[in-house]
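> Quick one: the structure is below, questions incoming.
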Amino acid sequence: MEQHQTEQLTFDFFTETPHITAESRDEIKLELGKFAGPLDLLLYLIKQEKANIFDIPIAKITDEYLKYIRLMKKLDISLAGDFLVMAATLIEIKSKMLLPREIFEEAEEEMEDPRKELVDRLLEYEKFKSAAQMLYERSTVEQAVFRRGKIETDENNTETSATVFDLLTVFQKILSRHKEEIQMEIEREEVSLADMLKSLRKRIYETKELNLLAFFGEMHTRRELVTAFMAVLEIVRTESVKLLQNTTFGEIVLRKV
Amino acid sequence: MTEEIEEKQPRNISEIISIIEALIFVADEPITIKSLAEVLEEDRETIEAAIEELRGEYEQRAGGLQLREIAGGWQLSTRTEYHEEIRAFLKTRPSAKLSLAALETLSVIAYKQPVTVPEILEIRGVQSASAIKTLLDKRLIVARGRKETVGRPMQYGTSKDFLIQFGLKDLSELPSIEDFEDLIQ
Amino acid sequence: MTEEIEEKQPRNISEIISIIEALIFVADEPITIKSLAEVLEEDRETIEAAIEELRGEYEQRAGGLQLREIAGGWQLSTRTEYHEEIRAFLKTRPSAKLSLAALETLSVIAYKQPVTVPEILEIRGVQSASAIKTLLDKRLIVARGRKETVGRPMQYGTSKDFLIQFGLKDLSELPSIEDFEDLIQ
């Protein structure tokens, strides 16, 4: 990895589009912008390598991808979990590609290229990325067009037309206004870990299954939430209760086994 | 990044007229010769001549609009001949618009229905009588019978019109706190 | 007081054009052919012909204003050429641009609507919650009911404001998503 020494890395997180500029032969300046997601980063790396999207040099790209992730971590930039999920996917594909060919030949049907699913996703994603660019251009043009100023018949209304989300937002605000008042009046009694564990155990044994998000949602304070979280970790560690997630991004449930 | 000092082409008169027309159009109030002269960096005489020409154009066209000098400035407005049609149109405009007080009250009723006036007061912390009247007038809420408690207060709930105006098939389509929590993490 | 039943003179076409111009000016949103036809009590064809004539007039004059079809209706607006002077006068800056994430999310919603949060995640490969929140706050998207599937997730679609802010007559004016495929390779 001798390129490590020659790479000079500077980051500009305010530029929307990342790019590498070669200032001299042995000095590469990498400017990492805000990537819109792991697919965005991946596309960028593929273009960087001038690689064919239908024949991605997966080992090389995976290395580059992981290098980026490590850099982000070193710089203490919080990484969305989705970036890590993609890292795992890349490593998986890479290891499949390394399997000896004979294994495939033995199989009756021809093995599918392990990269195929990823390529399909990249191609699909890229279409929407281009569409986003088109929308951006449209809105820029549209910002040069102005509508008429206020006239008498507009009636000076301070009113707004509302959507269902306005209803919910407003309702939330009222509730939080309310909650603050209550909390000023009563000092909430703190729940101990033992109590939390007891009630959690009772719930799981009664219902067999408990939606984790819903359970956390019942907590009123940050401290309670932390206690609840610790109780979940404890119960999974010590008892026959499992944490399950049905689909990759699905909800997490606690289940008695 | 590169601050270019561009040599501006002098504008011709028809360009000046067009810009003046656009500025009068976007202004919230009658716009004065003085402020036009400032924005365009042209002298008063040029602006006055341009406006005179523009006014003449509008007069000759005899369309739906006129350019008028009013309160020391210039303004576009509709011609008086068409006030009947304009009034008719303004009346047909749907008003899905609500004040914040009405919106707050509506949100409480939507999420807590059936709910009484004292209960709404409790939640909002302010009297909601006039907001409730507005909502009844707009047919967004309806009375839902009395609550069997002291004073038997009237209960309110959302109406069918409410569903239509907010594009909901039924109340289960109201976004829930959970939908929202997904979005504000 | 006196409800007169007036025998209305049939209007000639130039009168219709003038009234349409006045109504488009008065309306604070793009006004549809349908509501023009209702207010004027004329048929669609007459209105359409009148608008076409009016649009041509504006085009030929090449003044400061233009007549455009947008979000399913007609609206007067300034021409793009004069945005610098207008901005100088209104003392505004171009409004904050959407982030890359928000724009991507919007493009997925625009093309896949109605679409749920998990479906957006599938395409973008990244959580889009905060982008969706931004788009809802900016009223570019709206809730479109729930999907009848596990968890009944909320579906989203683009709003009328989306059409207005992106200068679209309607959604069909968006280039087809498959067209972008050709651009990629």
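Residue numbers (the working numbering), protein chains in the order written: chain A, 33 to 289; chain B, 42 to 226; chain C, 42 to 226.
Backbone N, C-alpha and C fix where the C-beta goes; we use that ideal spot for every residue, glycine too.
The structure displayed is predicted, hence computed values, not measured ones.
#1: Please state if the CB of residue 95/B and the CB of residue 77/B are separated by a distance shorter than 8 Å.
#2: Please say whether residue 232/A and residue 284/A have beta carbons closer to each other than 8 Å?
#3: Output, in chain order, the set of chain A residues within a Cβ distance shorter than 7 Å of residue 152/B.
#4: Count the other CB atoms, across all protein chains shown, that sit within 10 Å of the CB of residue 86/A; report buried if there are 16 or more and exposed otherwise.
#5: Using a Cβ cut-off of 8 Å (strictly closer), state whether residue 120/A contacts chain B.
#6: Residue 207/C touches chain B at which residues, Cβ-Cβ below 7 Å?
#7: Specify, as a first and last residue, the run of the alpha helix (DSSP H) that residue 199/C falls within.
#8: With a threshold of 8 Å, are at least 3 pairs of Cβ atoms found where one atom belongs to the region 134 to 147 of chain C and the other to the region 109 to 123 of chain C?
#9: Should residue 50/B go down as buried or exposed, given a rule of 16 or more other Cβ atoms within 10 Å for buried?
#10: Where does residue 184/B land, buried or exposed, given buried means 16+ other C-beta within 10 angstroms?
#11: Taking its Cβ as the centre, do 16 or more other Cβ atoms sit within 10 Å of residue 104/B, making it buried, or is it exposed?
#12: Give the residues from the region 141 to 157 of chain A that approach chain C closer than 8 Å (Cβ to any Cβ), ordered along the chain.
#13: What residue range is occupied by the uninterrupted beta strand (DSSP E) comprising residue 107/B?
#14: Is DSSP giving residue 241/A helix, strand or coil here?
#15: Answer with buried or exposed for residue 69/B, where buried requires no fewer than 16 other C-beta atoms within 10 angstroms of its C-beta.
#16: List the residues that DSSP assigns as beta-bridge partners of residue 154/B.
#17: With DSSP as the reference, please indicate the residues paired to residue 183/C in a beta bridge.
#18: Apply the 10 Å Cβ neighbour rule to residue 270/A and answer buried if 16 or more other Cβ atoms are within range, or exposed otherwise.
#19: If we call anything under 8 Å between Cβ atoms a contact, is residue 166/C one with residue 77/A?
#20: Tell me, which residues are paired with residue 116/C by DSSP?
#21: So residue 54/B is in the alpha helix (DSSP H); what residue range does that whole segment cover?
#22: Does the distance from the CB of residue 286/A to the CB of residue 241/A come in under 8 Å?
#23: Since residue 156/B and residue 197/B should fall inside the 8 Å C-beta cutoff, what is the C-beta to C-beta distance between them, to a whole number of angstroms?
#24: Express the C-alpha separation of residue 199/C and residue 210/B in angstroms, rounding to a whole number.
#25: Run down chain B in chain order and give the residues with a C-beta less than 8 Å from the C-beta of residue 181/A.
#26: Along the chain, where does the alpha helix (DSSP H) containing residue 152/A start, and where does it finish?
#27: Which residues, in order along the region 141 to 167 of chain C, keep a beta-carbon less than 8 Å from a beta-carbon of chain A?
#28: Please classify residue 93/C as buried or exposed, where buried requires at least 16 neighbouring CB atoms within 10 angstroms.
#29: Return the CA-CA distance between residue 55/A and residue 80/A, expressed in angstroms with no decimal places.
#30: Distance check for residue 62/C and residue 230/B, CA to CA, integer angstroms please.
#31: Mind checking the region 100 to 120 of chain C against chain B and listing, in chain order, the residues whose C-beta falls within less than 9 Å of any C-beta there?
#32: With a CB to CB cut of under 7 Å and the five nearest residues on each side skipped, what residues in its chain are close to residue 58/B?
#33: List, in chain order, every chain C residue whose beta-carbon is nearer than 7 Å to that of residue 220/B.
#34: For residue 118/B versus residue 131/B, is the C-beta spacing smaller than 8 Å?
#35: The region 173 to 185 of chain C: which residues have C-beta closer than 8 Å to a C-beta of chain A, in chain order?
#36: Alpha carbon to alpha carbon, how far is residue 183/A from residue 128/C? Give it in angstroms, no decimals.
Let me spell this out:
#1: Here residue 77/B is taken as the residue at index 36 of the second sequence, counted from 1. Here residue 95/B is taken as the residue at index 54 of the second sequence, counted from 1. Cβ atoms of residue 77/B and residue 95/B: not closer than 8 Å.
#2: The residue you call residue 284/A lines up with position 252 of the first sequence. The residue you call residue 232/A lines up with position 200 of the first sequence. Going by C-beta atoms, residue 284/A is not nearer than 8 Å to residue 232/A.
#3: Taking the second sequence and counting its residues from 1, the one referred to as residue 152/B is at position 111. Below the 7 Å Cβ cutoff, chain A contributes 203 as neighbours of residue 152/B, in chain order.
#4: Position 54 of the first sequence, counted from the first residue, corresponds to residue 86/A. Exposed.
#5: Position 88 of the first sequence holds residue 120/A. Using a Cβ-Cβ cut-off of 8 Å, residue 120/A does not count as an interface residue toward chain B, since no Cβ of chain B sits closer than that to its own.
#6: Sequence index remark: in the third sequence, residue 207/C carries index 166 (1-based). By Cβ distance, chain B contributes nothing, its closest Cβ being about 20 Å from residue 207/C, past 7 Å.
#7: As a first step, residue 199/C is located in the third sequence; it is residue number 158 there, counting from the start. Careful: residue 199/C lies outside any alpha helix (DSSP H), inside the beta strand (DSSP E) at 195 to 199.
#8: Taking 8 Å as the limit for Cβ pairs, the verdict is that the region 109 to 123 of chain C does not touch the region 134 to 147 of chain C.
#9: Here residue 50/B refers to the residue found at position 9 of the second sequence. Classification for residue 50/B: exposed.
#10: Within the second sequence, numbered from 1, the residue matching residue 184/B stands at position 143. Note on residue 184/B: under 16 other CB atoms within 10 angstroms of its CB, so exposed under the neighbour-count rule.
#11: The count along the second sequence starts at 1 and reaches residue 104/B at position 63. Residue 104/B is buried by the Cβ-count criterion.
#12: From the region 141 to 157 of chain A, only 153, 155, 156, 157 have a Cβ closer than 8 Å to chain C.
#13: Within the second sequence, numbered from 1, the residue matching residue 107/B stands at position 66. Note, residue 107/B: beta strand (DSSP E), 106 to 111.
#14: Taking the first sequence and counting its residues from 1, the one referred to as residue 241/A is at position 209. Residue 241/A: strand per DSSP, three-state reduction.
#15: For the purposes of this step, residue 69/B is taken as residue 28 along the second sequence, with counting starting at 1. Flag for residue 69/B reads exposed.
#16: As a working note, residue 154/B is residue 113 in the second sequence. DSSP, once it has assigned bridges, lists no residue as partnering residue 154/B.
#17: As a first step, residue 183/C is located in the third sequence; it is residue number 142 there, counting from the start. Residue pairing by DSSP puts residue 183/C in a beta bridge opposite 198/C.
#18: Within the first sequence, residue 270/A is the residue found at index 238, counting from 1. Answer is exposed; the Cβ neighbour count stays below 16.
#19: Taking the first residue of the third sequence as 1, we reach residue 166/C at position 125. Taking the first residue of the first sequence as 1, we reach residue 77/A at position 45. Going by C-beta atoms, residue 166/C is not nearer than 8 Å to residue 77/A.
#20: For the purposes of this step, residue 116/C is identified with residue 75 of the third sequence, where counting begins at 1. Paired residues: 109/C.
#21: Indexing the second sequence from 1 puts residue 54/B at position 13. Here the alpha helix (DSSP H) through residue 54/B covers 54 to 67.
#22: By one-based count along the first sequence, residue 286/A stands at place 254. By one-based count along the first sequence, residue 241/A stands at place 209. Judged by beta-carbon spacing, residue 241/A lies within the 8 Å limit of residue 286/A, meaning their Cβ atoms are closer than that value.
#23: As a first step, residue 156/B must be located in the second sequence, where it is residue number 115. As a first step, residue 197/B must be located in the second sequence, where it is residue number 156. The pair is a contact, with the Cβ atoms about 6 Å apart (cut-off 8 Å).
#24: Position 169 of the second sequence holds residue 210/B. Position 158 of the third sequence holds residue 199/C. Going by the C-alpha atoms only, they are around 18 Å apart.
#25: Taking the first sequence and counting its residues from 1, one reaches residue 181/A at position 149. Within chain B, the residues 66, 67, 68, 69, 70 have their CB atoms less than 8 Å from the CB of residue 181/A, given in chain order.
#26: Position 120 of the first sequence, counted from the start, is the residue given in the question as residue 152/A. Where residue 152/A is concerned, the enclosing alpha helix (DSSP H) starts and stops at 148 to 174.
#27: Of all residues in the region 141 to 167 of chain C, 141, 142, 144, 145, 147, 148, 149, 151, 152, 159, 162, 164, 165, 166, 167 have a Cβ within less than 8 Å of some Cβ in chain A.
#28: Taking the third sequence and counting its residues from 1, the one referred to as residue 93/C is at position 52. Here residue 93/C is exposed, its C-beta having fewer than 16 other C-beta atoms within 10 Å.
#29: Counting from 1 along the first sequence, the entry for residue 55/A is found at position 23. Counting from 1 along the first sequence, the entry for residue 80/A is found at position 48. A caution first: residue 55/A carries a pLDDT of 41, below 50, which makes its placement in the model too unreliable to give a value.
#30: There is no way to answer for residue 230/B, as the model of chain B reaches only from 42 to 226.
#31: Against chain B - using a Cβ distance shorter than 9 Å - the residues of the region 100 to 120 of chain C are 102, 103, 104, 105, 106, 117, 118, 119, 120.
#32: Here residue 58/B is taken as the residue at index 17 of the second sequence, counted from 1. Residues 91, 94, 95 of the same chain have their beta carbon placed closer than 7 Å to that of residue 58/B, with the five preceding and five following residues left out of the count.
#33: Against the second sequence, residue 220/B aligns to sequence position 179. The answer, in chain order, is 195.
#34: For the purposes of this step, residue 118/B is taken as the residue at position 77 of the second sequence. For the purposes of this step, residue 131/B is taken as the residue at position 90 of the second sequence. For the 8 Å CB-CB criterion, residue 118/B and residue 131/B do not form a contact.
#35: In summary, the residues of the region 173 to 185 of chain C whose CB is separated from some CB of chain A by less than 8 Å are 177, 180, 183, 184, in the order they occur in the chain.
#36: Working through the third sequence from its first residue, we reach residue 128/C at position 87. Working through the first sequence from its first residue, we reach residue 183/A at position 151. The alpha-carbon atoms of residue 128/C and residue 183/A are separated by roughly 19 Å.
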